[in-house]
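Q:
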Amino acid sequence: MAIIDARPALAINRDFVAQAAMLHDIGVFLTDAPGIHCHGTEPYLMHGYLGAELMRKEGFPEIARVCERHTGTGLTPEVISERNLPLPMGDYRPQTLEEQLICYADKFYSKSHPKRVRTIPDTAASLEKFGADSVNIFLNWAKLFEL
55 MAIIDARPAL AINRDFVAQA AMLHDIGVFL TDAPGIHCHG TEPYLMHGYL GAELMRKEGF
115 PEIARVCERH TGTGLTPEVI SERNLPLPMG DYRPQTLEEQ LICYADKFYS KSHPKRVRTI
175 PDTAASLEKF GADSVNIFLN WAKLFEL
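Letter by letter, the sequence shown follows residues 55 to 201 of the numbering used here.
#1: On the DSSP bridge list, what partners appear for Glu-96?
#2: Just tell me which of Gly-126, Ser-135 and Lys-183 has its CA closest to the CA of Leu-155.
#3: Excluding the 5 residues flanking Leu-77 on each side, which residues of the same chain have their C-beta closer than 6 Å to its C-beta?
#4: In the DSSP assignment, what residue or residues form a beta bridge with Tyr-146?
#5: Taking Gly-102 as part of the alpha helix (DSSP H), name the residues at either end of that continuous run.
#6: What does the alpha-carbon distance come out to for the pair Glu-152 and Trp-195?
#7: Which same chain residues, not among the five before or five after Gly-81, have their C-beta less than 8 Å away from its C-beta?
#8: So, using beta-carbon positions, are His-124 and Cys-92 closer together than 9 Å?
#9: Taking DSSP as the reference, what is the three-state secondary structure of Ala-177?
#10: I'd like the span of the alpha helix (DSSP H) that includes Pro-115, first residue to last.
#11: Is Leu-181 buried or exposed, if buried means 16 or more other CB atoms sit within 10 Å of its CB?
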């Protein structure tokens with residue numbers, strides 16, 4: 055919320071970000087991630103997509119888009135295909151400033167190390183495995199959003 059307050063010219067919807075930020079990981083309980091106490095059957099990578107399905111069923115399509123678009127810095131059909139990811143083919147890149155802000159903020163935290171906050175350089179380094187495009191997207195967000 056500090057970013058929203060510090061950047062009023064961006065006109066980011068504060069109430070929506072508060073709601074969507076709380077719900078963007080809702081699908082995680084359906085995944086097989088025992089290290090974070092999730093004992094579902096689906097691959098962890100699907101938690102955003104599964105959360106989006108839940109949100110759409112409940113009548114929250116805007117929050118659904120945040121759920122499905124927060125993995126990495128977003129996933130393209132090409133990346134899904136090239137890496138044979140367990141997701142339906144689609145374009146899961148954040149589009150709105152609200153989606154981008156939640157995706158950006160999410161990169162600084164990990165469910166497996168909840169007390170650790172990553173730095174911008176650490177986060178950029180962690181994204182290198184996804185390619186230069188992912189790192190560049192993140193660094194552009196850092197310029198746009200950083201306090």
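Cβ atoms here follow ideal geometry from the backbone N, Cα and C, with glycine treated the same way.
A: To lay it out plainly:
#1: Reading the sequence shown from its first residue, position 42 is the one you call residue 96. Its beta-bridge partners are Thr-85.
#2: Indexing the sequence shown from 1 puts residue 155 at position 101. Of the candidates Gly-126, Ser-135 and Lys-183, the one whose C-alpha sits nearest the C-alpha of Leu-155 is Gly-126.
#3: Mapped onto the sequence shown, residue 77 falls at position 23. Same-chain partners within the cutoff: Ile-117.
#4: For the purposes of this step, residue 146 is taken as residue 92 along the sequence shown, with counting starting at 1. Answer by DSSP bridge pairing, in chain order: Leu-129.
#5: Reading the sequence shown from its first residue, position 48 is the one you call residue 102. Taken as a continuous stretch (DSSP letters only), the alpha helix (DSSP H) holding Gly-102 covers 101 to 111.
#6: The residue given as residue 152 occupies position 98 in the sequence shown. The residue given as residue 195 occupies position 141 in the sequence shown. In a straight line, the C-alpha of Glu-152 is about 12 Å away from that of Trp-195.
#7: Within the sequence shown, residue 81 is the residue found at index 27, counting from 1. Cβ neighbours of Gly-81 beyond the five flanking positions: Met-100, His-101, Gly-102, Tyr-103, Leu-104, Gly-105, Ala-106, Glu-107, Leu-108 and Cys-121.
#8: Here residue 124 refers to the residue found at position 70 when the sequence shown is read from its first residue. Here residue 92 refers to the residue found at position 38 when the sequence shown is read from its first residue. Cβ distance not < 9 Å, so His-124 and Cys-92 don't count as in contact.
#9: For this step, residue 177 is matched to residue 123 along the sequence shown. In the sequence under discussion, the amino acid at residue 177 is Thr, which differs from the Ala named in the question. Thr-177 falls in the helix class under three-state DSSP.
#10: As a first step, residue 115 must be located in the sequence shown, where it is residue number 61. Segment 115 to 122, the alpha helix (DSSP H) holding Pro-115.
#11: As a first step, residue 181 is located in the sequence shown; it is residue number 127 there, counting from the start. Label assigned to Leu-181: buried.
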